[in-house]
Amino acid sequence: MKGYKGKILRVDLTSGEVLIEPLGDDVIEKFVGGKGLGYYLMYKEVPPGTDPFSPGNKLLFVPGALTGLIPGSSKVIAVSKSPETRLISDSSGGDAFGPKLKGHFDAVIIEGRAEEPVYIHIYEGQAEIRDAGELWGKGVYEATNELWRKYPKASIAMIGKAGENKVRIANIVYDSERASGRGGLGAVMGSKNLKAVVVEPGEKPEVANREEYERLWKEYYDSYATDPKYEHTRNYGTTDGLRSSASLGMSPAYNFSRPYIPDELASKLAGDEVKKYEIEPEWFIHGKSCPIKCARYVEVEYKGRRIRVKPEYESIAMLGAATGVFNFPAVAYFNHLANDLGLDSIAAGNVIGWFFELVGRGLITEEEIGFKVKGFGDEEAEEKLLVLIAERKGIGAVLAEGVKRACEILGRGCEFAVHVKGLEAPAWDPRGRRTYALSYATADVGASHLRGWPRPHQLPNQGPAKELVPSLIEARDESYIFDMLGVCKFVPYKLDDLAKFYSIVTGREWSVEKLRRVAWAVESMARIHNALDWVTPPLDDVIPPRWWEPEPDGPAKGNAAFIDYNDFLEARREFYRLRGWHEELGVPLPETMERLGYPEFKEDAERALEVVRERL
């Protein structure tokens with residue numbers, strides 16, 4: 305099959321052995337690439353119950369099937385067992401790492417644990433493990449620049465102090481500005497004594513129909529780069545998002561306690577305010593070649609420090625609105641600091657916003673904290689907390705565990721800790737959109753905003769959530785397909801476009817229906833593994849208490865995430881039914897796996913059903 309290298313790199317950090325293994329067309333046909341291939345390899349090689357910090361856990365980097373091959377397709381998917389949720393977790397990252405890796409291998413599997421800090425160097429279709437002793441302890445920006453001096457054409461996946469210290473909300477940062485941010489996968493790298501993965505440019509895989517491929521590539525790029533209907537995105541990227549979310553009653557402001565905020569407040573962290581600081585991107589900002597740009601590159605001065613960073617909506621909203629800080633230079637600096645420390649900006653903003661609410665409610669004392677914290681809007685405390693979290697010092701050692709564990713350790717505040725299955729909620733409050741909370745409740749990784757949005761946009765009290773479940777499932781499949789192909793969700797491809805491109809690249813006929821079947825099977829496979837591990841869907845496919853509180857103001861005033869609890873249960877049951885899962889237990893039925901063409905998972909599906917029944 306064209307479009308692939310047909311090779312997997314396996315690096316055993318315990319033994320120091322580096323192997324190159326074949327990847328057969330039969331596996332590609334069933335799992336495609338990116339998220340699909342990554343989940344299959346994890347399912348096959350990491351048994352349920354594996355400790356995320358043990359050498360038995362594996363970390364995978366899997367470029368999408370079309371990564372680097374079509375406009376807006378730069379994604380690499382990092383996959384591992386999450387230290388936060390103990391679920392198989394994936395997080396995509398952009399810029400040049402994915403396309404460069406695609407020039408060598410279709411996947412990298414990293415296993416074991418090195419005795420001393422190391423990094424992996426991938427070049428000319430091979431790899432070596434190298435000493436990283438001098439890089440350990442250094443921030444992402446400094447360590448990345450040091451490796452660039454040595455490998456000036458490479459792309460680099462790096463962890464900061466948070467990953468080294470196994471902070472459960474640590475991320476993996478690519479080329480200093482983009483990240484696989486969710487699920488604490490940077491902590492998995494740290495647990496393996498792996499500081500970085502360095503990838504030199506390689507040769508793109510061959511495509512089957514070169515002439516038609518080049519014609520389509522130009523047609524789509526030119527359209528996305530010039531069509532007036534994409535003007536707003538090209539101009540602002542996602543940075544105007546807080547105005548949208550706030551106007552809909554979907555913002556995370558003040559730890560999700562005020563999803564609606566007035567436009568004059570939201571505008572302080574959005575659109576035109578961000579553009580005041582925009583500058584020409586650096587040489588390593590690969591995204592400048594994208595026809596639809598999701599982020600702006602900015603320079604700000606904060607407390608006498610001049611910094612450059614590439615913020616986007618989620619980071620701005622979570623490090624700003626969620627913590628009550630509405631000063632863009634401060635929020636951009638926090639984003640830069642989180643990057644340097646290697647912290648998930650979504651999770652960090654969530655846990656600090658929760659902590660500020662704890663302070664505001666008088667539920668924690670200054671003596672317990674160790675320094676004065678005012679609560680929402682406290683810029684000095686937010687800066688200090690980010691560092692303490694990454695260093696696992698003082699109160700930061702508690703917050704480094706993530707919001708679910710932090711509230712349990714302190715024994716208070718769990719009723720306003722906003723997470724699903726231990727993964728902190730991102731910057732979209734579902735009380736402003738009918739059935740959307742079901743996406744969070746049933747998502748494979750926990751609270752992810754990238755697992756399908758129901759259509760059309762309506763308020764929860766405008767009708768039964770059950771009615772929009774079919775549209776949620778369609779959107780979930782679309783999300784999986786984008787993640788399997790390595791395509792950015794902000795590039796407005798239709799699924800027909802992607803099926804056409806994938807057919808031209810591979811030389812095999814791919815339909816939308818066939819891609820949807822793979823997506824459905826991969827989600828079901830993840831659900832089987834998670835149920836065999838610890839998830840009991842009737843108890844765990846739920847939403848946090850905060851989203852059961854009616855919104856206090858704005859267009860969604862009076863709305864909770866569902867009309868009532870029965871509305872939620874009926875929608876969840878409908879989701880399970882349409883997915884071919886047990887309507888009450890939420891586990892894929894063996895006959896569903898067979899019908900999809902994946903009979904090898906039937907036996908595990910039967911076991912998962914029995915395990916969940918026994919737990920209940």
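Read in order, the letters of the sequence shown correspond to residues 305 to 920 in our numbering.
Cβ coordinates follow ideal geometry from the N, Cα and C atoms, glycine included.
With DSSP as the reference, identify every bridge partner of residue i, one or two as the case may be.
| i | result |
| --- | --- |
| I713 | Answer is none; I713 lacks a bridge partner. |
| T885 | The identity of residue 885 in the sequence shown is Trp, whereas the question assumes Thr. According to DSSP, which records beta bridges pairwise, W885 is partnered with P892. |
| V604 | I611 |
| E415 | D316 |
| A474 | L647 |
| L727 | V724 |
| V635 | V635 pairs with nothing; no bridge assigned. |
| R759 | None; R759 has no bridge partner. |
| V380 | P367 and G397 |
| R482 | Y478 |
From residue i to residue j, what does the alpha carbon distance come to, in whole angstroms?
| i | j | result |
| --- | --- | --- |
| F632 | L690 | 17 Å |
| G681 | D857 | 20 Å |
| E684 | L323 | 48 Å |
| R919 | E728 | 25 Å |
| S495 | I668 | 31 Å |
| Y601 | N539 | 12 Å |
| P456 | H425 | 13 Å |
| R547 | M554 | 10 Å |
| K306 | E904 | 26 Å |
| I714 | R390 | Reading off the sequence shown, one finds Leu at residue 714, where the question assumed Ile. Spanning the two alpha carbons is a distance of roughly 21 Å. |
| D644 | L451 | 15 Å |
| P556 | V846 | 19 Å |
| Y308 | E771 | 40 Å |
| K311 | V331 | 12 Å |
| S484 | S393 | 11 Å |
| A400 | G862 | 45 Å |
| S319 | D544 | 49 Å |
| V604 | T627 | 20 Å |
| P848 | F866 | 12 Å |
| E516 | A912 | 46 Å |
| G756 | Y784 | 9 Å |
| P764 | P563 | 14 Å |
| N654 | K793 | 23 Å |
| G467 | E888 | 39 Å |
| V350 | K339 | 16 Å |
| S775 | R759 | 6 Å |
Can you tell me where the alpha helix (DSSP H) with residue i in it begins and where it stops?
| i | result |
| --- | --- |
| L327 | Taken as a continuous stretch (DSSP letters only), L327 belongs to no alpha helix (DSSP H), as it is neither H nor E. |
| G488 | First-last for G488: undefined, no H or E at that position. |
| Y806 | L799 to T810 |
| V916 | K906 to R919 |
| I668 | No alpha helix (DSSP H) holds I668; DSSP gives it neither H nor E. |
| V773 | V773 to L789 |
| V702 | I699 to L703 |
| T746 | Y740 to T746 |
| I621 | A small correction: the amino acid at residue 621 is Ala; Ile does not occupy that position in the sequence shown. Note, A621: alpha helix (DSSP H), Y617 to L623. |
For residue i, which three-state DSSP category applies?
| i | result |
| --- | --- |
| K348 | helix |
| W521 | helix |
| A875 | helix |
| K385 | strand |
| K580 | coil |
| I647 | It should be pointed out that residue 647 corresponds to Leu in this sequence rather than to Ile. The answer is strand: DSSP assigns L647 an E or B state. |
| M554 | coil |
| Y902 | coil |
| H833 | helix |
| A458 | coil |
| H536 | helix |
| V422 | strand |
| V822 | helix |
| H251 | The structure shown has nothing for residue 251, since the chain only spans 305 to 920. |
Can you give me the start and stop residues for the beta strand (DSSP E) that residue i sits inside?
| i | result |
| --- | --- |
| F365 | L363 to P367 |
| G429 | Segment: none, G429 is in no beta strand (DSSP E) and carries neither H nor E. |
| E468 | From DSSP, E468 is part of no beta strand (DSSP E) but of the alpha helix (DSSP H) over K465 to E468. |
| L498 | L498 to V503 |
| G397 | I392 to G397 |
| D682 | Element bounds for D682: n/a, residue is neither H nor E. |
| Y308 | Y308 -> no beta strand (DSSP E), and no H or E assigned at all. |
| I589 | No beta strand (DSSP E) holds I589; DSSP gives it neither H nor E. |
Is residue i near the ligand NAD, judged by its Cβ being under 7 Å from some heavy atom?
| i | result |
| --- | --- |
| V795 | The model on display carries no ligand, and the ligand NAD is accordingly not part of it. |
- prompt: When the Cβ atoms of the stretch 883-893 are set against those of the stretch 821-834, are three or more pairs found closer than 8 Å?
  reply: Yes, since at least three Cβ pairs between the stretch 883-893 and the stretch 821-834 fall closer than 8 Å, the two stretches touch.
At least 3 beta-carbon pairs within less than 8 Å: the stretch 839-852 vs the stretch 412-421: No, the stretch 839-852 is not in contact with the stretch 412-421.
query: Is the stretch 527-537 touching the stretch 378-397 in the sense that three or more CB pairs, one from each, lie closer than 8 Å?
result: No: fewer than three Cβ pairs fall under 8 Å.
- request: Decide yes or no for the touch test of the stretch 772-782 against the stretch 739-755: beta carbon pairs closer than 8 Å, at least 3 of them.
  value: These segments touch.
query: Are three or more beta carbon pairs between the stretch 503-512 and the stretch 403-410 nearer than 8 Å?
result: Yes: at least three Cβ pairs fall under 8 Å.
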